[in-house]
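Here the working numbering is used: the first residue of the sequence shown is 642, the next is one more, and so on.
Beta carbons: idealized from backbone N, C-alpha and C, even for Gly.
Below: the structure, in structure tokens.
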Amino acid sequence: MPVTSTFTPFSAARAAQQAAFYAAQGSRAFGAHAVPWRLSTGWAMAEVVARAAQSLLGGGATSVRVVDLGAGTGRLGFHAAVLLASRRLPAHVVLTETAQSTVDAWRVHPQLAPLLEDGLLAARRVDVLDSHSLESVLEPKPDEALLLVGTYLFDTLPHELIERRVDGSVWRGGEDASGTLSFEPAPDELFPPGVVLPSGPQPARCFVPTGALAAVAAIEQARAAPCWLLVADKGPLTWVDAWETDALRWVSHEGAWSVAVNFPLLFDALRPRPFVTAPENVADFSVHALGLGGASPADAARLAAALADAPHPLTAHRQLLEAIAPPLDVDRLLSLQPTGDALMNAAELLRAEGPGLSSDARVGLARWVLTAVESSFVVPSDDVCFHAGAVLQRLGLLEPAAWAYQQSVERYGAHASAHFNLALCLLDLGRPEAARGELQTALALDPRHRRAAELLQSL
Ligand SMILES: C[S@@+](CC[C@H](N)C(=O)[O-])C[C@H]1O[C@@H](n2cnc3c(N)ncnc32)[C@H](O)[C@@H]1O
């Protein structure tokens, strides 16, 4: 077996350096479709966090600190903080990230900045792989429970491709000098102390989330007192008994890649710590809680009940997709949580079928749309307000539509389409002077906007 000086373990491959990707991209990482973040930061996940936090208060603590690790957009922490405050629970939410650019973006975010200034939220730069950096947010306080949250975090941390051979020896995969898959004996320090790979079919290969194991070890090193780690991620990836060399090459060279965290392997290795898992978990999205630092079985029982009661984020998302399958079933849609995500998904159907609804149904729908706007969290290039404006305009509800377009400009920045559509609403509302101003702004933003130019001339 060649063990060359140019051997690059899977975890060190350029494409596996995801933290660097987030540091370079900052909040842009969550703008387009590069990273999945909706499911893991939506209303259902916030509800899971809020209920988990509440269940820890049931154990005698007088307050609970919720620390979101690798918080990304900050949306989950924001929604959880709002929920906890609306239920008058003594809770404090701390957003953390390793990417300084992301922490900087939170500080100027229109919804996060006021909460950060008022002290309702806190933001810290934290690397979950570094126990010193974790200490700043894990420090125990009397009678305070601690809930750590990591959504889509563990599959971002380094993984190793591990092969266990028939003789029981453990090897790690990587690329040799010629770029082909090769294996070298896995160094002992790859697995934190106390972690033993579970037995399984042999020989076997598997991605092992060594970064996740290291993060758990770092958390325990930084905090001696009990705490819970609530994890939502993909998984599990099972043992594979064959591996294509080309696949690893693709993984290493093309940049875009995805590896599911093998949670059963992870948590098996970490037993006998208490471990709670949500019902309805599937491979695409699973929710678990791991008790660290001597967390009690009584807390485990309360958390299990909380996870059983809470909506499952993937189930909630599927219900939404069913509800927005044509033809439009307004009652069904209105029975769903009015959120920005739901509105964005439903917008096309609502624009197409909304105008044919009765006036009562349109009023109900308008209320639902406006609540969705009010409760939505601003994420770059996710202009919920513009979609709301377009739906309300089609429903013939011009005042609310105009308000939504104004919100679009205020929250997401000026763009010609919002000003042009606002001008159309203002014209229909009998306010040609105001419309003229909006058309001029649309043209200033996009001098090639033909319809704006034509309309302005006709006024
Ligand atoms: C896939 S995103 C998930 C973000 C968010 N939790 C969500 O559910 O949308 C992974 C996040 O983990 C952060 N991250 C990567 N390595 C980290 C580390 N060592 N410590 C803390 N955060 C890290 C990245 O900056 C990124 O924001």
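query: Kindly list the residues whose CB is nearer than 7 Å to the CB of L1039, restricted to its own chain and excluding five residues on each side of it in sequence; keep chain order.; result: C1066, D1069 and L1070
query: For S1017, which of helix, strand or coil comes out of DSSP?; result: coil
query: Taking the alpha-carbon positions, what's the L779 to S727 distance?; result: 25 Å
query: Is DSSP giving H720 helix, strand or coil here?; result: helix
query: So, do the segment 1003-1012 and the segment 947-959 have three or more beta carbon pairs nearer to each other than 8 Å?; result: no
query: Please work out which residues of its chain come closer than 7 Å, Cβ to Cβ, to P643, disregarding the five sequence neighbours upstream and downstream, and give them in chain order.; result: Residue confidence is low: P643 scores 46 on pLDDT, short of 50, so the model does not pin down where it sits. Its coordinate-derived value is still stated next. D817 and S823.
query: According to the Cβ coordinates, are A687 and L724 closer than 8 Å?; result: yes
query: Could you spell out the range, first to last residue, of the beta strand (DSSP E) harbouring T792?; result: E785 to T792
query: Mapping DSSP to helix, strand and coil, what is E780?; result: coil
query: Following a CB-centred definition, is E738 positioned closer than 7 Å to any heavy atom of ligand 1?; result: yes
query: For S823, list the residues DSSP reports as bridge partners.; result: G815
query: Given that a residue counts as buried once 16 or more other Cβ atoms are within 10 Å of its Cβ, and exposed if not, what is P915?; result: buried
query: Give the secondary structure of S976 by DSSP, where H, G and I count as helix, E and B as strand, and everything else as coil.; result: coil
query: Which of the three DSSP states, helix, strand or coil, is assigned to F651?; result: helix
query: Roughly how many angstroms separate the alpha carbons of L794 and A746, rounded to a whole number?; result: 19 Å
query: Nearest to P828 by CA position, among T821, V1019, Q695 and W812, is which residue?; result: W812
query: Applying the 10 Å Cβ sphere with the 16-neighbour rule, what's the burial state of E801?; result: buried
query: Could you tell me if D972 is buried or exposed, where buried requires 16 or more neighbouring beta carbons within 10 angstroms of its beta carbon?; result: exposed
query: Going straight from the alpha carbon of R1008 to that of A1042, what length do you get?; result: 12 Å
query: Name the two residues that bound the continuous beta strand (DSSP E) containing R706.; result: S704 to D709
query: In terms of alpha-carbon separation, which member of V1050, P954, G814 and L1097 lies closest to L831?; result: G814
query: Would you call P799 buried or exposed, if buried means 16 or more other Cβ atoms sit within 10 Å of its Cβ?; result: buried
query: Quick one: what's E1095 bridged to in DSSP?; result: Paired residue(s): none; E1095 is not in a bridge.
query: When burial is assigned at 16 or more other CB atoms within 10 Å of the CB, is G997 buried or exposed?; result: exposed
query: Within its chain, find whatever has a CB closer than 8 Å to the CB of Q741; leave out the 5 residues flanking it on each side and keep chain order.; result: A664 and R766
query: Leaving out the 5 sequence neighbours to the left and right, which residues in its chain are closer than 7 Å to D1024 when beta-carbon positions are compared?; result: S1049 and Y1053
query: With distances taken from CA atoms, which of E785, H720, T703 and A691 is nearest G683?; result: H720
query: Could you have a look at G1005 and say whether DSSP puts it in helix, strand or coil?; result: helix
query: Go ahead and label V749 buried or exposed: buried means 16 or more other beta carbons lie within 10 angstroms of its beta carbon, across all protein chains shown.; result: exposed
query: Applying the 10 Å Cβ sphere with the 16-neighbour rule, what's the burial state of L1100?; result: exposed
query: Could you tell me which of D784, V735, S774 and T743 sits nearest to A763, measuring between CA atoms?; result: V735
query: How about F1061 and A1093: are their beta carbons less than 8 Å apart?; result: yes
query: Can you give me the Cβ contacts of L1097 inside the same chain, cut-off strictly under 6 Å, excluding the 5 residues immediately before and after it?; result: L1080
query: Measure the alpha-carbon distance for V1019 versus D874 and round it to whole angstroms.; result: 23 Å
query: Between which residues of its own chain and D950 is the CB-CB distance below 6 Å, once the five residues before and five after are set aside?; result: none
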